[in-house]
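Visitor: In the numbering used here, the protein residues as written are 1 to 253. Have a look at the structure that comes next, please.
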């Protein structure tokens, strides 16, 4: 346990040294600031443009700010997360540093899990701060507004990205080439998105954790509707990390 904690601390330090903390932190912080601002100002900016036609834009409401925030996280934010974490294990293998770490009484499973937990910790802190900033600016721009279901909706989005982090770690374990790792992570992402097009899996796929956010805010969906997707998502994380540890144990370094 002590060696695992030491390596986890080393991994967190490495995240700062390689600017992963800065990249993810700043990008998510920018999403938190810009989402409510763009939701508030975009109709005014578009209506002020001389397009030769008259377009009536609806008055922006508080849910527009969170719709923009969720869109930014599930699109650009997801791409950034995959690009940042896709090589966390493959790079260690290619540079030979994985062998050095494993000679210091660190098991292979602990090596993989420390990478996963360090990535989840960075995501959690960055997403938490970004959400708080988004909430603050939303309250400033849309005062005296209540959004039922916001916390649960944010939790679902957080869990969805944790699922993708676990799949990205798996890809980084399966491949040594950094380009293949990135390709594999994106392939897992697209496969997860594809499950919502299969009628049998449409309402139970973990993918809905990232697509039903606004439905939760507008009460079209209730937390009970996501009970099964959450359970399946947690099981997916567990088995993905189990496979990652097993594969890494069998690999020659």
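Virtual Cβ for every residue (Gly too), placed ideally from N, Cα, C. Quick caveat: nothing in here was measured; it's all calculated off a predicted structure.
1. Anyone know if the C-beta pair for residue 84 and residue 24 falls short of 8 Å?
2. Leaving out five residues before and five after residue 12 in sequence, what residues of the same chain have Cβ atoms less than 6 Å from its Cβ?
3. DSSP state of residue 59, grouped into three classes?
4. For residue 188, collect the residues of the same chain with a Cβ closer than 6 Å to its Cβ; drop the 5 residues on either side in sequence, then sort them by chain order.
5. Count the other C-beta atoms from every protein chain shown that fall within 10 angstroms of the C-beta of residue 135, then say buried if there are 16 or more, exposed otherwise.
6. Exposed or buried, residue 94, counting other C-beta atoms within 10 Å across all chains shown (16 or more means buried)?
7. In chain order, what residues of the same chain have a beta carbon less than 7 Å from the beta carbon of residue 120, not counting five sequence neighbours either side?
8. Start and end of the alpha helix (DSSP H) containing residue 229?
9. Starting from residue 213, trace the alpha helix (DSSP H) in both directions and tell me its first and last residue.
10. Which of the three DSSP states is assigned to residue 277 in this structure?
11. Going by other Cβ atoms of all chains shown within 10 Å of its Cβ, with 16 needed for buried, is residue 108 buried or exposed?
12. Rank 240, 151 and 199 by C-alpha distance to the C-alpha of residue 214 and give the top, closest one.
13. Would you check if the distance between the CB atom of residue 31 and the CB atom of residue 172 is smaller than 8 Å?
14. Report, in whole angstroms, the separation of the C-beta atoms of residue 114 and residue 8, which I expect to be a contact under 8 Å.
15. When the Cβ atoms of the segment 225 to 241 are set against those of the segment 201 to 210, are three or more pairs found closer than 8 Å?
16. Going straight from the alpha carbon of residue 160 to that of residue 192, what length do you get?
17. Using 10 angstroms around the beta-carbon of residue 111, count the other beta-carbons present and answer buried if the total reaches 16, otherwise exposed.
18. Hey, residue 156 and residue 226: beta-carbon distance below 8 Å or not?
19. Which ranges does the alpha helix (DSSP H) cover as unbroken runs of at least 4 residues, wholly within the segment 93 to 136, from first to last along the chain?
Guide: Straight from the coordinates:
1. In this structure, residue 24 lies closer than 8 Å to residue 84 by Cβ.
2. Once the five neighbours on either side are set aside, the close Cβ partners of residue 12 are 118.
3. Residue 59 falls in the coil class under three-state DSSP.
4. The answer, listed in chain order, is 167.
5. Residue 135 sits buried, since 16 or more C-beta atoms from the chains shown fall within 10 Å of its C-beta.
6. Classification for residue 94: exposed.
7. The residues are 162 and 165.
8. Residue 229: member of the alpha helix (DSSP H) spanning 227 to 250, first to last residue.
9. Counting along the chain, the unbroken alpha helix (DSSP H) around residue 213 starts and ends at 213 to 217.
10. Outside the displayed range of the chain (1 to 253) lies residue 277, so it cannot be described from this structure.
11. Buried, by the Cβ-count rule.
12. Residue 214 has its Cα closest to that of 151, out of 240, 151 and 199.
13. Contact: no.
14. With a Cβ gap of about 5 Å, residue 114 and residue 8 count as contacting.
15. In short, these stretches touch, since the Cβ pair count reaches three.
16. Approximately 10 Å between the Cα atoms of the pair.
17. Residue 111 comes out buried.
18. Yes. Within cutoff.
19. Fully enclosed alpha helix (DSSP H) runs of 4 or longer: 97 to 102.
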